[in-house]
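These notes are about the structure you will find just below.
There are 2 protein chains.
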Amino acid sequence: MKTKDKIIHAAIELFNLQGEQNVTTNHIAAHLGMSPGNLYYHFRNKEDIIQAIFDRYAEQLNLLFGLDDNSGSESVGGLRTSMRYMEAVVGLMWQFRFIYENLPDILSRDVVMAEKYRQIQEPVYGLMTRHLLGLRAQGILLANDEDLDALLHLMKQVLIFWPAYLHTLTPGGNITKAMVYGVVPRVFFMFRPYMAPEALDELRQLEQYFQDKASQSRVKEGVDA
Amino acid sequence: MKTKDKIIHAAIELFNLQGEQNVTTNHIAAHLGMSPGNLYYHFRNKEDIIQAIFDRYAEQLNLLFGLDDNSGSESVGGLRTSMRYMEAVVGLMWQFRFIYENLPDILSRDVVMAEKYRQIQEPVYGLMTRHLLGLRAQGILLANDEDLDALLHLMKQVLIFWPAYLHTLTPGGNITKAMVYGVVPRVFFMFRPYMAPEALDELRQLEQYFQDKASQSRVKEGVDA
DNA sequence: GTCTATACAACGATAGAC
DNA sequence: GTCTATCGTTGTATAGAC
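As they're listed, the protein sequences go chains A and B. For the first sequence, my numbering begins at 2 and goes up steadily by one. For the second sequence, my numbering begins at 2 and goes up steadily by one.
Put into structure tokens, the structure is as follows:
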């Protein structure tokens, strides 16, 4: 693994564990048994490191949501696809939780990153809009345009700030992957009043699936920290 | 006005305007045309100032939610009371928005404040639980215990992180009071599927009331910054 | 590429005169 | 109560040898 990658990796780990603001460039270097000077050979400054992490985040996001394949054949998908999206979100939320935990702070400190963030998120919400419209076309979701939009934005806010919310609830401040999975039933709860009765059964199954996931990761907690 | 109060006042203003972490004790002193030494005569350190602000916040919260009057005569109230609560929340969110905008950060930096925060919030959510149960008893709200609890926690998260969410949406990062009012229709939207049909009309009136409020403050924007 | 050593700036906080 | 002056610490970042 290249030194640059090692630094990025260590930075993510320390940021997640101790909070981005509590981790200095010296900490990162020390954690790698490396001199601060060496770190600055590979990165201009701390912001530069965070930006590199953001790029990784964007990469994974595009990959998981299939935003790269410009094959034009975007599968609308049913509730199974919704589930895949939720898994992607939860995975990213865990992997890059320091971003979610201090979003306003990180964005307000660097205008470039704020712009980058919005450009990363935008296509995802385009995709989600099309996905919800698809669910409605299939008769799974029963809602007018206005309600669909409200649901989308509500979901957006709840998802983005879920790690931050967990952070305020836990005294020590350390959240677990199982806790992150806890957002799924909440999102489903918001959609339930708008689900077609026939689809409720499948939704229940998906909810069960996520509950199992949550307990699985509760067992192997710390392994994939 | 006593110097101590002036400092608190200035601190709140600067924190709200520029973000708590971007405001140093020197900035506060300079803003008041005062020496740093003088500021430190009145407060032991920066945390001390923030704690004082927290105490003010708690005071106002207790006042607005009537948590002081231990007369035992807690009026359960209908939707008009819900409205009063919403106004209280929005008002506090605006007045102390820097707290809401960087909650995880502020709490993680100071364990004492984290505990204080939880002790401030707790009775409010007790009150809100009783209020929602009251609405159900009056036939305004139709939901089982589980759904009521889910609604409460969802509302809690949406409200607390509304200013932070707005912060991520606005490029400059400066939010307005009118924008803060925007959370009200979202909260109402979450409850709508569980409202009794007879109550929907009154809900619509309340929504109109808040829309007017929002445009009013849009006009006098900056006056009560 | 990596190290040691160090410059530099910012901020928090204090001492002591008035 | 308020000032001026200043210290100490910490974190960012660079210079220059290896």
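Yeah, the Cβ is synthetic: ideal placement off N, Cα and C, and Gly gets one too.
Could you work out which residues of chain A lie near residue i, taking near to mean beta carbons separated by less than 9 Å?
i          : result
Arg-205(B) : Near Arg-205(B) there are no residues of chain A at all, since even the closest Cβ is about 14 Å away, more than 9 Å.
Ala-115(B) : Thr-169, Pro-172, Gly-174
Arg-57(B)  : Result: empty, since nearest Cβ-Cβ is about 20 Å, beyond 9 Å.
Consult DSSP for residue i and reduce its assignment to one of helix, strand or coil.
i          : result
Leu-270(A) : An answer regarding residue 270(A) cannot be provided, because it is not within the stretch 2 to 226 covered by chain A.
Met-196(A) : strand
Asp-213(B) : helix
Gly-183(A) : coil
Met-84(B)  : helix
Pro-164(B) : helix
Lys-47(B)  : helix
Thr-130(B) : helix
Lys-3(A)   : coil
Ile-176(B) : coil
Phe-189(B) : helix
Val-24(B)  : coil
Val-77(A)  : coil
Thr-171(A) : coil
Glu-66(B)  : Reading off the sequence shown, one finds Phe at residue 66(B), where the question assumed Glu. Residue state, collapsed to three classes: coil.
Met-35(B)  : coil
Asp-111(A) : coil
Asn-17(B)  : helix
Phe-97(B)  : coil
Can you list the residues of chain A that residue i reaches, using a CB-CB cut of under 7 Å?
i         : result
Phe-20(B) : The residue you asked about is not Phe; residue 20(B) is Gly in the sequence shown. Those are Ser-109, listed as they occur along chain A.
Does the distance from the C-beta atom of residue i to that of residue j stay below 8 Å?
i          : j          : result
Asn-17(A)  : Arg-98(A)  : yes
His-32(A)  : Ala-59(A)  : no
Val-159(A) : Leu-62(A)  : no
Trp-95(A)  : Lys-5(A)   : no
Asn-103(B) : Pro-105(A) : yes
His-43(B)  : Ile-8(B)   : yes
Leu-128(A) : Glu-203(A) : no
Leu-15(A)  : Ala-30(A)  : no
Glu-21(B)  : Ile-121(B) : no
Lys-3(B)   : Thr-26(B)  : no
Phe-162(A) : Phe-162(B) : yes
Which chain B residues are close to residue i, counting only those with a beta carbon under 8 Å from its beta carbon?
i          : result
Leu-153(A) : Here the premise fails: no neighbours, minimum Cβ distance about 12 Å.
Met-191(A) : Leu-155, Met-191
Can you pull the chain B neighbours of residue i, defined as C-beta to C-beta under 7 Å?
i          : result
Pro-194(A) : Pro-194
Tell me whether residue i counts as near the ligand NAD, meaning its Cβ is closer than 7 Å to at least one heavy atom of that ligand.
i          : result
Lys-157(A) : Only the bare structure without any ligand can be found here, which leaves the ligand NAD out of the picture.
Check: Hey, is the region 124-140 of chain B in contact with the region 189-202 of chain A, meaning 3+ C-beta pairs nearer than 8 Å?
Finding: no
Notebook entry, point to check: Is the region 134-149 of chain B in contact with the region 163-181 of chain B, if contact means three or more CB pairs nearer than 8 Å?
Noted result: Verdict: no, contact absent.
Note to self: Taking contact to mean 3 or more Cβ pairs, one atom from each stretch, closer than 8 Å, check whether the region 177-190 of chain A and the region 86-102 of chain A are in contact.
What the structure shows: yes
Check: Quick check: the region 206-217 of chain B against the region 143-157 of chain A, are there 3 or more CB pairs under 8 Å?
Finding: no
Check: Listed in chain order, which residues of the region 119-138 of chain B have Cβ atoms closer than 7 Å to some Cβ of chain A?
Finding: none
Next item on the list: Below 8 Å between beta carbons is the criterion; list the residues of the region 155-180 of chain B that meet it against any residue of chain A, in chain order.
Entry: Of all residues in the region 155-180 of chain B, Leu-155, Gln-158, Val-159, Ile-161, Phe-162, Trp-163, Ala-165, Tyr-166, His-168, Thr-169, Pro-172, Gly-174 have a Cβ within less than 8 Å of some Cβ in chain A.
Next item on the list: Kindly confirm or deny that the region 107-123 of chain B and the region 45-59 of chain B touch, where touching means at least three C-beta pairs closer than 8 Å.
Entry: yes
Next item on the list: Closer than 7 Å, Cβ to Cβ, to anything on chain A: give me those residues from the region 81-106 of chain B, in chain order.
Entry: Glu-102, Asn-103, Leu-104, Pro-105, Asp-106
Notebook entry, point to check: What residues from the region 23-48 of chain B come within 7 Å of chain A, judged by C-beta to C-beta, listed N to C?
Noted result: Within the region 23-48 of chain B, no residue qualifies.
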